[in-house]
Amino acid sequence: MADPGRIGIDVGEKLPLEDAVHWASRNGVRIIDVQLDGGDNAFTRIDAARAGPIRDRCERDGIRLGLHTSSAVNVAELAPLVGDAVDTYLQAYVDAAAMLGAGWIVVHAGYHFSSNLAARMAAGLRRLHRVIEYAETKKIRILLENLNKEPADAEVHYLAHTLEEWSWYYAKIQSPAFGLSFTANHAHLVPEGVDGFLAAIPLDLVVEVRLADCWRNGKEEHLPPGHGDFDFPGLFRALNARGYRGHYTNAFGSLDDMLAARSKFAELV
6 MADPGRIGID
16 VGEKLPLEDA
26 VHWASRNGVR
36 IIDVQLDGGD
46 NAFTRIDAAR
56 AGPIRDRCER
66 DGIRLGLHTS
76 SAVNVAELAP
86 LVGDAVDTYL
96 QAYVDAAAML
106 GAGWIVVHAG
116 YHFSSNLAAR
126 MAAGLRRLHR
136 VIEYAETKKI
146 RILLENLNKE
156 PADAEVHYLA
166 HTLEEWSWYY
176 AKIQSPAFGL
186 SFTANHAHLV
196 PEGVDGFLAA
206 IPLDLVVEVR
216 LADCWRNGKE
226 EHLPPGHGDF
236 DFPGLFRALN
246 ARGYRGHYTN
256 AFGSLDDMLA
266 ARSKFAELV
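Structure representation (structure tokens):
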């Protein structure tokens, strides 16, 4: 049987942080992403005393931990004081990652309201530069994710959901503390498609590839494999042919759904 070690799971906020690590250990999962925004998982509730045992358990059981910020926090924020709060939020994630021994943090480019687009993109880029510079001092890697499209008539639109927008950011950032998180199902929603993204993105910057099913040029959904028309074998073939050696992260359905898909995906790695 193929080794599923490169197939991780996005636990998000489905479990308290300690339970997430224990669950991963019991189920042989070696890579997990968690979100630290709410409840007992909020980073404001994580101090050195709490983080130490979690970090030790990950090291003992060979679990690689990553963090995932909330896409609801607008990295492209322009408002006075609110923008400062976004900087503080991102830096707090870096501090939490350092305490927990997490290797990476997935971040986003923010969103806009169809006005002041250039100003918002510029503000977001400056904010990303600041958090990446801070992450360098803590030896944490910041991964910029390509986000999902919203309907054309929606008031709010995520930035960096097209290849053109995503590349606008990553072409302007050069740091050993920077990388990319490629959400393949988001690429499936836009005309460029997965093939268009893979033909253009610098694969050496891609640290993780996130997986979920959805419908071509459809709406944002994170479906279990087989519930949409995403070509998973084709994705794995293309990445293998290009020499991709990073990890994958299942991000759909329940923990059981994601766990069940690991063995299937492992045959394709």
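Taking my numbering, the leading residue of the sequence shown gets 6, the next gets one more, and so forth.
Ideal placement from N, C-alpha and C gives every residue a C-beta, glycine not left out.
Item: Measure the C-alpha to C-alpha separation of Ala124 and Val211 and round it to an integer number of angstroms.; Value: 27 Å
Item: Does the beta-carbon of Phe118 have 16 or more other beta-carbons within 10 angstroms, so that it is buried, or is it exposed?; Value: exposed
Item: Let me check understanding here. Comparing Cα to Cα, which of Ala114, Trp220, Ala128 lies closest to His166?; Value: Ala114
Item: Is it the case that the region 98-105 contacts the region 134-148, given that we only count it when at least three CB pairs across the two stretches are under 8 Å?; Value: yes
Item: If you compare alpha carbons, which of Asp261, Ile68, Pro21 is closest to Gly33?; Value: Ile68
Item: Would you report the Cα separation of Lys154 and Val195, rounded to the nearest angstrom?; Value: 7 Å
Item: I need the boundaries of the beta strand (DSSP E) containing Asp15, first residue and last residue.; Value: 12-17
Item: Just to confirm the assignment: which complete beta strand (DSSP E) runs, minimum length 3, are found wholly within the region 159-193?; Value: 183-188
Item: Counting Cβ pairs, one atom from each stretch, are 3 or more of them under 8 Å apart for the region 255-263 and the region 226-236?; Value: yes
Item: According to DSSP, is Val87 part of a helix, a strand, or is it coil?; Value: helix
Item: Would you say the beta carbon of Tyr174 comes nearer than 8 Å to a heavy atom of the ligand GDP?; Value: This structure lacks the ligand GDP; in fact it carries no ligand of any kind.
Item: Count the other C-beta atoms from every protein chain shown that fall within 10 angstroms of the C-beta of Asn151, then say buried if there are 16 or more, exposed otherwise.; Value: buried
Item: Quick check on the burial criterion: 16 or more other C-beta atoms within 10 angstroms. Buried or exposed for Arg242?; Value: exposed
Item: Ordered along the chain, which non-local residues of its own chain (more than five positions away) have a Cβ less than 6 Å from that of Val111?; Value: His73, Leu148, Glu150, Ser186
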